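*Asks:* Sharing a structure with you now.
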Amino acid sequence: MRLGVMFDRDLAPELLVPFARELDGLEVADLWVVEDLGWTGAVSAAATALAVTERLRVGIGITPAPLRNPALLAMELANLARLHPGRLAAGIGHGVQDWMRQVGAAVPSPLALLEETITSVRALLRGETVTLHGRAVHLDGVSLVHPPAEPPPVLAGVVSPRSLALSGRVAQGTIVPEGLRPDRLPAILEQIGAPEGHELVAFTFLCVGDDAREVMRPAAEGQAAFLDVTPEEVVMAVGSPEEAAAQVRELWEAGATTVAVRPMGAEPLSHVRKLLAAL
250 MRLGVMFDRD
260 LAPELLVPFA
270 RELDGLEVAD
280 LWVVEDLGWT
290 GAVSAAATAL
300 AVTERLRVGI
310 GITPAPLRNP
320 ALLAMELANL
330 ARLHPGRLAA
340 GIGHGVQDWM
350 RQVGAAVPSP
360 LALLEETITS
370 VRALLRGETV
380 TLHGRAVHLD
390 GVSLVHPPAE
400 PPPVLAGVVS
410 PRSLALSGRV
420 AQGTIVPEGL
430 RPDRLPAILE
440 QIGAPEGHEL
450 VAFTFLCVGD
460 DAREVMRPAA
470 EGQAAFLDVT
480 PEEVVMAVGS
490 PEEAAAQVRE
500 LWEAGATTVA
510 VRPMGAEPLS
520 HVRKLLAAL
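First residue of the sequence shown? That's 250 in my numbering, and the numbers climb one at a time after it.
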């Protein structure tokens with residue numbers, strides 16, 4: 250069981266360096282960075298975090314396939330993997346479709362694009378020469394000059410049943426979004442058809458304090474709209490340190506390999522420290 254911490258997208262980018270350095274000294278396994286339209290780029294954030302830390306695995310959670318040519322993405326990931334062996338996890342997803350349309354990157358078949366992107370990126374990272382003329386991806390004899398000796402795991406950031414099945418076929422792990430109830434994870438694992446060693450990363454909001462539930466109400470409402478559930482159904486690690494720790498444990502016990510908490514507020518690592526003390 251792994252515990253990770255997300256660098257929230259609303260934090261100023263210049264805070265990433267002190268955040269990562271401080272997190273590197275805590276009892277956590279991962280630091281996760283995000284790529285949402287208009288916020289920050291995940292590859293540059295991952296490169297920065299890897300450069301200023303010594304032991305953390307840095308996860309990209311997630312880069313949208315429509316915005317990343319698979320050859321270029323493989324080049325970027327290979328570069329990071331060679332510079333920081335064994336310390337990168339690369340999440341790739343469909344992207345929020347409204348955002349993809351907003352930048353003219355929407356595709357007729359997001360499923361085909363994601364499958365072909367993950368398949369070709371993984372092959373390139375293994376040092377293979379790739380020719381693929383698919384529905385969405387077209388590569389003709391492409392290979393990396395400097396493939397990594399230790400290819401980083403490629404995970405799919407997905408939530409729908411067909412996408413979960415796709416992840417089980419072609420990815421080495423699956424990232425599921427904040428708010429999912431722990432009792433949904435067994436069904437998700439069944440939909441993935443997870444082979445042995447397939448990592449399940451569950452994101453979850455974290456806020457510790459007497460007023461945590463009230464503070465997190467807007468986030469719960471926003472995530473409820475994304476998941477198409479009621480705000481009351483959005484599960485978070487909130488409340489006392491013991492309540493937050495219990496929620497993290499429930500996700501582990503339900504099948505999550507890695508729980509990546511998303512601490513909110515101006516001093517996010519204070520919530521992480523309280524959670525660690527309770528765990």
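Just so you know, even glycine gets a beta-carbon here, dropped at the ideal spot from N, CA and C.
Please read these numbers as outputs of a predicted model, since none were measured by experiment.
So, at 7 angstroms on beta carbons, what are the nonlocal neighbours of residue 380 in its own chain, with the 5 sequence-adjacent residues on each side left out?
*Replies:* Counting only Cβ-Cβ distances below 7 angstroms, and skipping sequence neighbours, we find 388, 389 and 390.
*Asks:* Label residue 412 either buried or exposed according to how many other C-beta atoms from any shown protein chain fall within 10 Å of its C-beta, with 16 as the threshold for buried.
*Replies:* buried
*Asks:* Tell me residue 404's beta-bridge partners as DSSP assigns them.
*Replies:* Paired residue(s): 340 and 422.
*Asks:* In angstroms, rounded to a whole number, what distance separates the CA positions of residue 266 and residue 260?
*Replies:* 12 angstroms
*Asks:* Can you pull the DSSP bridge partners for residue 255?
*Replies:* 281
*Asks:* Going residue by residue through the stretch 423-480, where are the continuous alpha helix (DSSP H) segments of at least 4 residues, counting only ones entirely within it?
*Replies:* 434-441, 461-464 and 466-476
*Asks:* To the nearest whole angstrom, what separates the beta carbons of residue 244 and residue 322, a pair I think is in contact under 8 angstroms?
*Replies:* The structure shown does not extend to residue 244, since the chain spans only 250 to 528, so no value can be given for it.
*Asks:* What first and last residue would you give for the alpha helix (DSSP H) that runs through residue 347?
*Replies:* 346-351
*Asks:* Identify the continuous beta strand (DSSP E) that holds residue 498 and give its terminal residues.
*Replies:* No beta strand (DSSP E) contains residue 498, which is instead part of the alpha helix (DSSP H) from 490-502.
*Asks:* Can you tell me which of 495, 301 and 502 puts its alpha carbon nearest to the alpha carbon of residue 264?
*Replies:* Nearest of 495, 301 and 502 to residue 264, Cα basis: 301.
*Asks:* Exposed or buried, what is residue 345 when buried is set at 16 or more other beta-carbons lying within 10 Å of its beta-carbon?
*Replies:* exposed
*Asks:* Using the beta-carbon count (16 or more within 10 Å), is residue 378 buried or exposed?
*Replies:* By the neighbour-count rule (16 or more Cβ atoms within 10 Å), residue 378 is not buried but exposed.
*Asks:* Between the Cα of residue 382 and those of 364, 336 and 399, spot the shortest distance and give me the residue it belongs to.
*Replies:* 364
*Asks:* With distance defined between alpha-carbon atoms, name the residue in 494, 481 and 292 nearest to residue 324.
*Replies:* Nearest of 494, 481 and 292 to residue 324, Cα basis: 292.
*Asks:* Which same chain residues, not among the five before or five after residue 457, have their C-beta less than 6 angstroms away from its C-beta?
*Replies:* 490, 493, 520 and 523
*Asks:* Under 8 angstroms between the Cβ atoms of residue 505 and residue 434?
*Replies:* yes
*Asks:* Report the residue ranges of all beta strand (DSSP E) runs contained in full by the stretch 262-333; include only those spanning at least 3 residues, in chain order.
*Replies:* 279-282 and 306-313
*Asks:* Over the uninterrupted alpha helix (DSSP H) stretch that includes residue 356, give me the two end residues.
*Replies:* Note, residue 356: premise wrong, no alpha helix (DSSP H); not H, not E.
*Asks:* Is the stretch 400-408 touching the stretch 332-345 in the sense that three or more CB pairs, one from each, lie closer than 8 angstroms?
*Replies:* yes
*Asks:* Out of 314, 275, 276 and 296, which has the shortest C-alpha to C-alpha gap to residue 286?
*Replies:* That would be 314, whose Cα lies nearest to the Cα of residue 286.
*Asks:* Suppose the cutoff is 6 angstroms on Cβ atoms and the five residues either side in sequence are ignored; what does the same chain contact list for residue 499 look like?
*Replies:* 431
*Asks:* First and last residue of the beta strand (DSSP E) that includes residue 387?
*Replies:* 387-391
*Asks:* Kindly indicate which residue of 317, 311 and 276 has the alpha-carbon position closest to the one of residue 283.
*Replies:* 311
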